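Residue numbers (the numbering used here): 5 to 278. Each remark here refers to the structure printed beneath this line.
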C-alpha cells in the first residue's frame with residue numbers, strides 16, 4: 005500500500021477533525037466564496053473545509069488519499085443535504101483524472117503538504133486551477149512553538165529515521181520552498197503571498213484526554229507511540245505530549261481544551277496571461 009495512504013487510513017482522523025470544525029468554517033468564511041464557484045479541496049479529510057464551502061453555495065469536490073475519510077465526508081455531505089459537495093479518493097501529486105483549468109479555487113488545509121513529491125503537488129494544483137483563479141494552502145511551520153508543529157516534532161524524535169529521499173511535509177511551511185515549488189509550476193514570485201494565521205483546536209475534554217485522541221487516532225502520533233513502546237519510552241512520549249497540551253491550553257473551563265496552532269497561509273494567484 006502507498007505509505008501515505010496507510011498513514012492517513014490508520015486510526016480515525018475524523019475524531020481529531022471534530023475539534024477543528026469551528027476554525028475550519030471560520031477560515032472558509034474569509035475566502036470570498038460566492039455562489040457557483042468551483043472549488044477543489046485537496047487532502048480534504050472528512051470535509052472540515054469542504055462542507056463549509058459547499059454551505060456557501062460553491063460546487064465542491066474533496067479529494068483525499070484515505071478511503072475511510074472520503075467515505076466519512078460523503079456521509080456528512082448527505083446528512084447535511086448538500087448535493088453540491090462530493091468526495092473521492094485521489095493523490096494530490098497525481099490528479100490525472102481532473103481536467104486542466106477546472107477550478108476557480110483550489111484549497112488544501114494541512115492536507116497536500118503531507119503528500120510526497122511536493123513539486124508534483126504544486127504542478128497539479130496550478131494545472132487544475134483556471135486562469136484568474138486562486139490557490140490557498142494552510143501549512144504547518146517547522147520549529148513553530150505552537151501545538152501541531154510541536155506534536156510532529158516530538159513524535160519524530162521517537163520514530164525511526166525516514167527513508168532516504170523523504171521530504172518532510174513541514175518543508176511546505178518555509179516560504180522559500182513554496183516559492184520554488186510554485187515557481188517551477190510557472191507561478192512568478194510576485195503572484196504568491198504569505199501570512200501567519202491561527203487555527204484553534206476545541207475539544208470537549210481535558211488536555212490530557214485530548215492527548216489520548218492523538219495517541220489513538222492520529223497516524224503520525226500512533227506511529228510514534230508504537231515505536232516508543234518497542235524502546236520502552238512510551239511513558240516519556242506521553243509525558244512530553246501532556247506537558248505540551250496542558251501548557252498551551254487557553255480554556256479555563258473544566259474538561260475542555262482550546263489550543264491555538266500557528267500556520268502559514270499561502271495564496272497563489274494564477275493570473276490571466278501567465
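A virtual CB, placed ideally from N, CA and C, is assigned to each residue, including glycine. The model shown is predicted, which means the values in this text are computed figures rather than measured ones.
Contact between the stretch 261-273 and the stretch 148-166 is present: 3 or more CB-CB pairs across the two stretches fall below 8 Å.
The three-state reading of DSSP puts residue 178 in coil, since its state is none of H, G, I, E or B. Looking at the DSSP output, residue 65 sits in a beta bridge with 44 and 90.
Per the C-alpha coordinates, the member of 114, 39 and 44 positioned closest to residue 61 is 39.
Here the alpha carbons of residue 236 and residue 191 stand approximately 48 Å from one another.
Ranked by Cα distance from residue 12, the options 224, 41, 249 and 30 are led by 224.
The three-state secondary structure of residue 231, taken from DSSP, is helix. The Cβ atoms of residue 97 and residue 65 lie no closer than 8 Å to each other. Rounded to whole angstroms, the Cβ separation of residue 115 and residue 28 is 12 Å, and the two are not in contact under 8 Å.
Every unbroken stretch of the beta strand (DSSP E) spanning 3 or more residues and falling wholly within the stretch 204-278 is given here in chain order: 261-274. The beta carbon of residue 101 sits closer than 8 Å to the beta carbons of 94 from its chain, once the five residues preceding and following it are set aside; these are given in chain order.
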